[in-house]
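S.K.: Structure provided below as structure tokens; questions to follow.
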Amino acid sequence: ESFPTVTSVDIGGGFGAKGPIAREDIPVVVAAMSLGRSVQWIEDRVENLSDGGQAREERFHVDVAVNDDGTLKGLRVDALIDGGAYPAFPFGANLIGTLWKVYMPGPYHFEAFQLRSRIVATNKGRVVPYRGPWANETWMRERTIDAVAAALGMDPADLRSKNMMTEDNAPSAFITGPTIDETMSTRKTFDRALEMIDRDQLARDKADAAARNHRIGLGIASYHEAAPGPPNFADSISPGSGVLLKEDGRATIEIDGRIVMYTSQVPHGQSHQTTYKQIVADEFGVSMEDVEVIWGNTDTSQFSFIGTGGSRGGPLGGGVMRATAREIREQVDELAAEMLEAAVEDITIIDGNIHVSGTPAHGISYADIATEAAKRASVTAGPVFDVDLKYEGVGNGGWSCATHVAIVDIDLDTGQVTIPRYLVVEDCGPIINPAVVDGQIRGGVAQGIGAVFYEKAFYDDDANLLSATYMDYLIPTAMEIPKIEIEHLETLTKGENDFRGVGEGGMIGAPATLTNAVSDALGVQVTTQYLPPSTILELAGIIEPG
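Numbering-wise (our numbering), the sequence shown opens with residue 4 and increments by one.
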């Protein structure tokens with residue numbers, strides 16, 4: 004009873020909200036154990052929107068020290084986090100502040116940085132981590148960069164270019180502690196993004212739009228994220244956090260030749276099965292259909308403290324998959340060399356055909372290998388090859404970097420905003436599966452569009468939730484999402500594992516990019532992220548505030 008078996012099925016989207024333990028989770032488990040029968044917790048949509056988890060009600064007071072020539076010197080931020088009524092364990096509002104203290108200066112040179120972050124309790128829903136839970140620091144910083152540029156009469160792109168770090172700063176460290184290495188490629192993504200913008204055409208489009216009582220604006224935002232970061236990143240957040248850079252894995256070849264991989268990762272929309280099968284199939288020289296991935300059962304799967312959190316699914320989940328597969332592949336090659344009377348280095352596997360290089364007609368199969376291994380071990384069931392691996396870290400690397408660019412078109416008659424162009428230049432290292440990676444980026448950008456133009460939890464003065472249905476809590480549909488152009492840079496690391504995470508980046512960069520574009524279109528400084536049509540018209544001076 005102290006160690007019940009927990010199984011997981013497909014759970015739909017997660018994005019962080021399902022990471023913390025809800026208060027209802029505990030009594031449901033206790034009731035099931037006490038009654039000896041299945042107990043379910045069922046909530047309706049109103050209940051879920053009320054207390055399923057909310058995020059990102061935060062305020063910033065920012066001071067920047069900057070020279071007249073645009074050289075950034077210092078950043079001082081006083082931040083306030085609305086923590087809701089109940090803390091979420093173990094990933095509550097305190098997680099946001101700890102991430103801010105590492106990320107907030109971003110990819111820019113600052114000689115001094117000071118942060119004070121406070122959490123206040125309110126009679127609102129609990130705060131949970133949500134896809135890039137620190138993302139508002141990027142919004143605050145990139146908005147600040149644009150505001151400083153306006154105050155100095157500079158182009159925001161020029162101010163960024165003047166102060167942005169590059170991989171040439173390696174092997175130094177950020178002012179907040181983590182190491183800068185060869186994967187710090189934000190400047191490369193920024194330069195490439197600028198190359199893809201036709202400024203002359205943009206000027207013509209702005210003039211044409213003005214004749215239609217529209218306004219067009221350009222927004223840029225750059226950032227880096229630990230994915231999952233260099234070895235000292237976790238300790239920069241909080242000493243002892245190195246557990247976040249560890250992942251256990253297991254791989255077996257069964258007696259019938261089947262290749263089976265076990266993972267602690269639980270998929271919720273990220274295409275784990277496809278990605279992991281592809282990694283393993285490449286290592287074993289077989290098709291993806293020949294690989295089985297087991298997950299979601301505490302009797303067989305490994306334990307993970309944080310799962311996919313922190314964009315760990317690729318670098319750590321995928322990294323341990325590759326490492327365990329390679330260990331077993333070495334054992335397979337050794338046995339095959341004996342069976343085929345060849346040197347180990349001459350063994351080749353193509354489409355499951357294990358043979359000496361140049362003689363595929365005389366090959367053997369994984370089933371043949373398994374049969375021989377079982378014979379030598381005198382076993383008649385179970386795995387004949389079995390590797391458990393403790394995987395730590397990602398070598399020297401671990402930064403994913405990107406620059407987002409948006410062009411918005413604002414209708415001053417209605418306050419409606421459309422997005423004629425959205426561009427992402429990102430670098431998450433070598434890409435395992437381009438379709439999966441692009442899907443992650445586009446999904447994140449879509450959520451960023453929602454955060455700026457559609458989604459907000461409204462409360463009255465008595466803390467009653469007013470947006471408790473999808474009639475009131477708006478989300479963007481496919482009709483509101485533009486075509487999102489994506490270009491990849493693939494910077495290699497010096498470590499053994501080149502995989503880097505990408506799941507949170509789209510959501511991190513989009514809100515700042517879109518808000519900067521609105522600010523540019525209207526020629527005003529925007530200090531709030533949520534920009535529905537009424538706020539757009541207020542900023543344009545067409546209607547009175549309120």
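Backbone N, C-alpha and C define an ideal beta-carbon position, used for all residues, glycine too.
Values in this document were obtained by computation on a predicted structure and should not be read as measured data.
(1) Report yes or no: do the region 400-413 and the region 508-528 share at least 3 C-beta pairs separated by less than 8 angstroms?
(2) Roughly how many angstroms lie between the CA atoms of residue 155 and residue 413, to the nearest whole one?
(3) Around the Cβ of residue 37, are there at least 16 other Cβ atoms within 10 angstroms (buried) or fewer (exposed)?
(4) Since residue 117 is in the beta strand (DSSP E), which residue starts that stretch and which ends it?
(5) What are the complete alpha helix (DSSP H) segments, minimum 4 residues, inside the region 255-326?
(6) Between which two residues does the beta strand (DSSP E) holding residue 379 run?
(7) DSSP on residue 57, reduced to helix/strand/coil?
(8) Identify every residue that forms a DSSP beta bridge with residue 224.
(9) With a CB to CB cut of under 6 angstroms and the five nearest residues on each side skipped, what residues in its chain are close to residue 250?
(10) Would you kindly check if the distance between the Cβ of residue 130 and the Cβ of residue 86 is under 8 angstroms?
(11) Output the distance between the C-alpha atoms of residue 177 and residue 229, rounded to the nearest integer angstrom.
(12) Which residue or residues does DSSP assign as beta-bridge partners of residue 356?
(13) Between which two residues does the beta strand (DSSP E) holding residue 453 run?
(14) If we call anything under 8 angstroms between Cβ atoms a contact, is residue 519 one with residue 140?
(15) Please report how far the alpha carbon of residue 419 lies from the alpha carbon of residue 162, in whole angstroms.
(16) Buried or exposed: which applies to residue 549, given that a residue is buried once 16 or more other Cβ atoms fall within 10 Å of its Cβ?
(17) Can you grab the Cα-Cα spacing for the pair residue 266 / residue 298, in whole Å?
(18) Under the DSSP definition of a beta bridge, which residues are partnered with residue 219?
(19) Keeping to the same chain, check which residues put their C-beta closer than 6 angstroms to that of residue 373; ignore five residues upstream and five downstream.
(20) Span of the alpha helix (DSSP H) holding residue 505?
(21) Would you kindly check if the distance between the Cβ of residue 148 and the Cβ of residue 168 is under 8 angstroms?
(22) Roughly how many whole angstroms lie between the Cα atoms of residue 272 and residue 278?
(23) Applying the 10 Å Cβ sphere with the 16-neighbour rule, what's the burial state of residue 193?
(24) Reducing DSSP to helix, strand and coil, say where residue 13 ends up.
(25) Should residue 236 be labelled buried (16 or more other beta-carbon atoms within 10 Å of its own) or exposed?
(26) When you compare only the Cα positions, how much space is there between residue 541 and residue 210?
(27) Between which two residues does the beta strand (DSSP E) containing residue 74 stretch?
(28) Residues bridged to residue 138 by DSSP?
(29) Could you give the distance in angstroms between the alpha-carbon of residue 585 and the alpha-carbon of residue 339?
(30) State the CB to CB distance for the pair residue 133 and residue 25, rounded to an integer number of angstroms; the pair is presumed to be in contact (CB under 8 angstroms).
(31) Can you tell me whether DSSP reads residue 106 as helix, strand or coil?
(32) Roughly how many whole angstroms lie between the Cα atoms of residue 231 and residue 170?
M.R.: Inspection of the coordinates gives the following:
(1) yes
(2) 26 angstroms
(3) exposed
(4) 115-123 is the extent of the beta strand (DSSP E) around residue 117.
(5) 275-287
(6) In this chain, residue 379 is not harboured by any beta strand (DSSP E); it is covered by the alpha helix (DSSP H) spanning 369-380.
(7) strand
(8) 407
(9) Around residue 250: 319, 323, 394.
(10) Yes, the pair counts as a contact, with Cβ atoms nearer than the cut-off.
(11) 12 angstroms
(12) 353
(13) Looking at the DSSP string, residue 453 is not in any beta strand (DSSP E); the run it does join, the alpha helix (DSSP H), is 437-456.
(14) no
(15) 30 angstroms
(16) exposed
(17) 5 angstroms
(18) BP columns for residue 219 point to 412.
(19) 256, 258, 260, 387
(20) Premise fails: residue 505 is in no alpha helix (DSSP H) and is neither H nor E.
(21) no
(22) Their backbone Cα atoms lie some 12 angstroms apart in a straight line.
(23) buried
(24) coil
(25) buried
(26) Approximately 22 angstroms, taken between the alpha carbons.
(27) Following the DSSP letters along the chain, one finds residue 74 in no beta strand (DSSP E), marked with neither H nor E.
(28) Beta-bridge pairing links residue 138 to no other residue.
(29) The shown model of the chain, from 4 to 549, leaves out residue 585, and the question about it has no answer.
(30) By a beta-carbon distance limit of 8 angstroms, residue 133 does not contact residue 25. Their separation comes to about 15 angstroms.
(31) helix
(32) Rounded to the nearest angstrom, the two C-alpha atoms are 17 angstroms apart.
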